[in-house]
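Protein chains in written order, with our numbering: chain A, 1 to 360; chain B, 361 to 720; chain C, 721 to 1080. Just so you know, even glycine gets a beta-carbon here, dropped at the ideal spot from N, CA and C.
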Amino acid sequence: MFGPGSFSARIAGMNATTKTNPGRFFEDFRVGETLTHATPRTLTEGDRALYMSLYPTRFALGSSSAFAAACGLDRYPLEDLIGFHVAFGKTVPDVSLNAVANLGYADCRFLSPVYPGDTITTESTVIGLKENSNGKTGIVYVRSDAADANGRPVLTWARWVMVRKNDIDAPAPDAVIPDLPSVVAPEELPVPEGLNFAAYDTTLSGERYTLGDYEIGERINHVDGVTITDAEHMMATRLWQNTAKVHFNVQARPDGKRLIYGGHIISLARALSFNGLANAPLIAAINGGSHTAPCFAGDTVYAWSEVLDTADMGNGIGAIRLRLVAVKDAEPVDFPLRGDDGKYADGVLLDLDYWALMPA
Amino acid sequence: MFGPGSFSARIAGMNATTKTNPGRFFEDFRVGETLTHATPRTLTEGDRALYMSLYPTRFALGSSSAFAAACGLDRYPLEDLIGFHVAFGKTVPDVSLNAVANLGYADCRFLSPVYPGDTITTESTVIGLKENSNGKTGIVYVRSDAADANGRPVLTWARWVMVRKNDIDAPAPDAVIPDLPSVVAPEELPVPEGLNFAAYDTTLSGERYTLGDYEIGERINHVDGVTITDAEHMMATRLWQNTAKVHFNVQARPDGKRLIYGGHIISLARALSFNGLANAPLIAAINGGSHTAPCFAGDTVYAWSEVLDTADMGNGIGAIRLRLVAVKDAEPVDFPLRGDDGKYADGVLLDLDYWALMPA
Amino acid sequence: MFGPGSFSARIAGMNATTKTNPGRFFEDFRVGETLTHATPRTLTEGDRALYMSLYPTRFALGSSSAFAAACGLDRYPLEDLIGFHVAFGKTVPDVSLNAVANLGYADCRFLSPVYPGDTITTESTVIGLKENSNGKTGIVYVRSDAADANGRPVLTWARWVMVRKNDIDAPAPDAVIPDLPSVVAPEELPVPEGLNFAAYDTTLSGERYTLGDYEIGERINHVDGVTITDAEHMMATRLWQNTAKVHFNVQARPDGKRLIYGGHIISLARALSFNGLANAPLIAAINGGSHTAPCFAGDTVYAWSEVLDTADMGNGIGAIRLRLVAVKDAEPVDFPLRGDDGKYADGVLLDLDYWALMPA
């Protein structure tokens, strides 16, 4: 084994190196340090077209520059999850390459829409550390911030992962556990500059339901299902420059299957949710989420949503807090989530809690 | 059941809704009414690149901005079928969601090339209605018009579909059957403004054959074949925002197969026809067409064409009327179309009648 | 059979033609003649996005316009292999449609980066001919040059193929064998105008290793592997407008498999080589290469590199000469290349010799 400070791995007698990034171990993190992540990524209309080819999305604000202009935006934004996947993926090589488990994320706020031409860079600051009692692993908390090349913030979120120690004898750091909100408060929700739904056209958007048409507790079956192929999830995952081998290499898992990146399920479920939530085109925040079961090519993915809360943001803009649940292999007519034992029911893939903006 | 005027479907005791568009039934249509379709769609260079990755197209006018400029066009048009698929797909949720059968289309004219940056919106006017004698279904005729965000018309076509009645007791409307041409007359064919083939370079276009090299009755074997994959036809179909479940969900059909969208076969056959029709890069009109058999992943698609007519449009521009036939699983060396019984032969997938423009 | 000078193939009694390009035979080539190839191709941001979705590439210079600007480039270049595949593919219909074997290529120099908006056209000049002693085939040497629509040269290379004679009785031409370098000399390596690594940021690029960190003879295992799907290799191959039937049609080979285009393996191996060569983002030249075994969907491709040479280009720019080897179905921990018999070892797919530029 070799630490991140060494030059490269050299295999005895073969003049051979890997020069592969070994990732950071628990003892390599310090509270307060900031990590600038590779690789900056310029997003373009090519990414939008690929996103539309890979997910059945039809939100008018991300499909029509004229519709976006009618909503007061002077440029034509990409779907929010494009920026999310790119920004999030950047943190993996420095934060979670040696992670045993992704424990959670919180307080993810979409500070600005992302536009074609924007170059996204992500930095993370270590905001908490706690070694586990086994002495072999610890929890690392980071606050990550993504910005464009002009320094305009586009996304911020907190995340915590369980990371292995490389050196078991490294001393435990003082425990620091950050205070993170379980839900982003409505007054903390970002609203894009200029956004105005006064001229919002529900004929063009495809559905007539605006904020007042949704009741807290209402559950919506999004009806449609998509059967997943390996080519599509690999193409999506590469777009976000996520190269974790389990997604691409049938030799990486004993079962010979390619595990589907969780972000693919989020985007697929969100696109399916158009059917019932067509007028919630912008994501304002993600409060948290769990990937509750693996998914593979051949699985058919469906989605349902539950209205958890609503808020009036003023100026004709509403916010709707939604639970988005992806399930596999049966249309969710009875809204499967948890069994009587409190565990996620069979077939539940994703349980995501987020805020979207819609006409009030 | 619930009509389009109701709020949403609510399932007893579950606080559950679908909010899914139920579509229009036969009795919901009125002659003369106009429907504006969701979702406007801005086309970009991303769509062109995806089209080139999904179909083996090599028409120089859609592959090279310099070649397009040499043909007198001041912008670089997308292939005509990109606009066609997008515009056509918009009508489905309002016109044919409850269709029993797509009966035909006619008088489809490509009024202007579509360019990156254009936002396409489609409207349809009901131009005919006729209830069937069984009292359960009726035929709806619509004229659809697609335009960009500045109101520039890009495509017009007529289409008729058989639609179910929801309320069997709804009275039959007065029958109105529109008069539609079986073939667009040459004098009705649109020619893009500025189009000029004087500097057309048949070395760069890849073939030397211009209008005078084609004889009426001539049949051309396009030789090449492409074996279809599920990932590719789903990506293409999503690009046109067609989300009909049979194309995406293996649980939607008893045989567990994903039915391939007919537009995918049109684009594939048209791209294969480059081989013999390289100098017919622009579609002026579609006179009609039939999808004669289903197609699935694993099928290998070939194409052949028959020259049905030619016309001199003046100014060095010719028009060629072609029958384009897609077949599966054998190179069409003997030009299969119909059997002795007049029915389409086994393996014939598509029989399309269209006009293209080429140097005279 | 019919020669390239005939009008088209006409099948007796069927009014049938193919109008398919029969390609050129050995006796059709003359030393000194120049062939202008169809189809010009305009590259766009759509091609970049597709390339990123199809290959796990993360070179910062092709991923971030801001990073490219920091390297002194006033526009944002596409990855070099995009231009290479497009330019190379153009020559096939005129040079190698009747080739029995692709014997080699040499002296391939990347004269300028390729940018979105560039329209690539390729010309080839016959620089050598030698009939084989069997009288049935001969070797054709061509020098190919690709340029944009303004005449700016972007790529030049020499290539030689064995081509069939159509007319066995055609006389043998005088043998002319060009003098081609086995390796492009460092002083012949093109350096993009304005390129400057003074502000090159190895945090953003993802690795810290620059030219001085590599030793001649060093071998690098790139670790990751990718399992190939048919949809992906077909989409890539179509982007380069290569329509050779073996890549697309399961009926074209007795084994029912689609052969993967060699260029797909080059791009995949090059992208995998990021892992250890992240700071070698620009290809300056390809010295030669061999595709040593066929590859099919389901194969898992890995890569390793050997440092063959280094050179100081001045101004903080270094060049590194690399052997890039793609292998299948096992991580190349022991760097497989040739067996004791001197033949390529089982599983070796590609042996490519090229120069890349990196910070010195």
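Inter-stretch contact (C-beta, 8 angstroms, three-pair minimum) for the segment 939-951 of chain C and the segment 229-240 of chain A: yes
For Thr922(C) and Val446(B), the rounded distance between their alpha carbons: 44 angstroms
Backbone secondary structure at Asp865(C) - three-state DSSP: strand
Coil, strand or helix - Ile802(C) by DSSP: helix
Val184(A) - containing alpha helix (DSSP H), residue span: Neither: Val184(A) is in no alpha helix (DSSP H) and is coded neither H nor E.
DSSP state of Asp682(B) mapped onto helix, strand, coil: First, the amino acid is wrong: residue 682(B) is Leu here, not Asp. Looking at Leu682(B) - three-state DSSP - the assignment turns out to be strand.
Any chain B beta carbon closer than 9 angstroms to Asp950(C): yes
Residue-level contact to chain A via CB, His805(C), 9 angstroms cutoff: no
Residue-level contact to chain C via CB, Thr156(A), 9 angstroms cutoff: no
Separation of His582(B) from Thr823(C), as counted between CA atoms: Strictly speaking, residue 823(C) in this sequence is Leu, with Thr absent from that position. Going by the C-alpha atoms only, they are around 30 angstroms apart.
Glu187(A) burial status per 10 Å Cβ neighbour count (16 or more: buried): exposed
Beta-ladder partner(s) of Ala878(C), from DSSP: Ala826(C), Arg863(C)
Cβ of Met718(B) within 9 angstroms of any chain C Cβ: no
Contacting residues, own chain, Cβ-Cβ under 8 angstroms from Tyr465(B) (five flanking each side not counted): Trp517, Ala518, Arg519, Trp520, Ile646, Gly648, Gly649
Distance, Ala170(A) Cα to Thr210(A) Cα: 55 angstroms
Separation of Asn242(A) from His264(A), as counted between CA atoms: 11 angstroms
Anticipated Cβ contact below 8 angstroms, Ala786(C) with Pro40(A), distance rounded: 6 angstroms
Straight-line gap, Leu915(C) to Asp1032(C) (C-alpha atoms, nearest Å): 14 angstroms
Contact list for Arg768(C) against chain A, beta-carbon separation under 8 angstroms: Thr44, Gly46
Tyr1064(C), DSSP secondary structure in three states: strand
Cα-Cα separation, Asn675(B) to Leu433(B): 15 angstroms
The segment 22-36 of chain A touching the segment 128-141 of chain A, judged by at least three CB pairs closer than 8 angstroms: yes
Under the three-state DSSP convention, the category Pro533(B) falls into: coil
Sequence ranges, beta strand (DSSP E) only - wholly within the segment 9-48 of chain A, length at least 3: 34-36
Sub-9 angstroms separation of Gly926(C) and Ala998(C) beta-carbons: yes
CB of Ala172(A) within 9 angstroms of CB of Gly128(A), strictly: no
Listed by chain order, chain A residues near Ala509(B) by CB distance under 7 angstroms: Ala66
Span of the beta strand (DSSP E), counted from its first residue to its last, around Leu1028(C): 1020-1034
Short CB-CB distance (under 9 angstroms) between Met882(C) and chain A: no
Buried versus exposed call for Ala428(B) [16 or more other C-beta atoms within 10 Å across all chains shown]: buried
C-alpha gap between Asp334(A) and Gly217(A), whole angstroms: 14 angstroms
Secondary structure of Arg618(B), DSSP reduced to three states: coil
Span of the alpha helix (DSSP H) around Gly1115(C): Outside the modelled stretch of chain C, which goes from 721 to 1080, sits residue 1115(C), for which no answer is possible.
Proximity below 9 angstroms, CB of Gly743(C) to CB of Asp814(C): yes
Below-9 angstroms beta-carbon distance, Pro113(A) vs any chain B residue: no
Within 9 angstroms, strictly: CB atoms of Thr20(A) and Arg939(C): no
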